[in-house]
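Heads up, the sequence shown is in our numbering, so the first residue is 2 and it goes up one at a time. C-beta atoms are modelled at their ideal positions from N, C-alpha and C, and glycine is treated no differently. All figures in this text were calculated on a predicted structure; none of them were measured in a lab.
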Amino acid sequence: MKELRIIRIILAVIFFVGVVAYFAIGISVQKALGFVEDLQIIPSMIANCLGVTVVWFCVTLVLGRVYCSSICPVGTFQDIFRHGRKLVKPFNKPFKYRPGSKMRFYIMGVYIFCIIVGVGAVPFWIEPWSIIRNISGDLHPSAEKLEWIRLGVGMTTGIIAGAVSAILLIIVGLVTGRGFCTDICPIGTALGCLSNYTLYHIEIDPDRCINCMRCEDICRSQCIKVIDRYVDNSRCVRCFDCGHVCPNDAIRFQINRNRRATPLMTRTTQPS
């Protein structure tokens, strides 16, 4: 898992920097950085290139939500400010497991409905690609002016949307880690539904786990519950930090499900 974590970090940096440059600098670099848009789920669907979307769904069925951890720039944006938890006293504390919110499914339903009927306001505010476009556009508004007009909003609205989105994501990153990805993002929710059936998943080995709580404390998705040896793979964004901090190699990315080898109870001989 440690090697996978390094690969994830490298990809996340490449795509985040590439996407910000793609939007903030504009036409002069868009041809060179076109791959950062081509590999995103929503832009590929808009461009009627469903092949990319199908590939990501297949990848998710095998590996889980690696798209969220390495390709989606909004996820990386939250991760940047998540590190600021150590600098802000009220937030300088470990993460703890929390159950998944049902609200994410309602949000996904509303999002899909708005896409079908052509209502652009909801996607404009909660769709990752739109969010990062607005945030990046604030660095160079004239580069995104035509795109905002095409979407039916003016430059002022686009700038405000970018500023508001950035502030909200910074707060979410500080407070919940990947709260947007696990509780709001419709793309993350859709991929999470597939993640319940993935070939590879994060598992805690009950016979090796020593209850140090390090994996739960660091989990940015707050989806690990050590006491129950449970990982909610539908919310796990495959950052692989848990395996990196585990001192006993008790948490792994594997195919098979773990079962306790050491019996919880053993029969004892009754005294005669």
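- At a cut-off of 4 residues, the continuous stretches assigned as alpha helix (DSSP H) that sit fully inside the segment 115-168 are 122-127, 129-138 and 142-151.
- Per DSSP, the unbroken beta strand (DSSP E) holding H202 starts and ends at H202 to I205.
- Annotated three-state conformation of V238 is coil, per DSSP.
- Per DSSP, the unbroken alpha helix (DSSP H) holding F78 starts and ends at P74 to R83.
- Apart from the 5 residues on each side of it in sequence, R9 sits with its Cβ closer than 8 Å to the Cβ of V67, S70, S71, R239, C240 and F241 in its chain, given in chain order.
- For the 8 Å CB-CB criterion, I11 and R105 do not form a contact.
- F96 carries a coil assignment under DSSP once its states are collapsed to helix, strand and coil.
- Excluding residues up to 5 positions away in sequence, L152 and G153 lie with their Cβ nearer than 7 Å to the Cβ of G121 in the same chain.
- Distances from the CA of P91 to each of D39, I172, V21 and P142 were compared; the closest alpha carbon is that of I172.
- In the DSSP annotation of this structure, the continuous segment of the beta strand (DSSP E) that includes I252 starts and ends at I252 to Q255.
- Between the segment 209-220 and the segment 190-200, the count of Cβ pairs shorter than 8 Å is below three; the stretches do not touch.
- In the structure shown, the three-state DSSP call for Y231 is strand.
- Assignment of I26 by DSSP, reduced to helix, strand and coil, places it in the coil class.
- For Y68, the enclosing alpha helix (DSSP H) begins and ends at V67 to S71.
- In terms of Cα proximity to A144, the closest of I160, P207 and F254 is I160.
- DSSP, reduced to helix, strand and coil, places I185 outside both helices and strands of the structure shown, so it counts as coil.
- The beta carbon of C210 sits closer than 8 Å to the beta carbons of V227, R230, N249, A251 and I252 from its chain, once the five residues preceding and following it are set aside; these are given in chain order.
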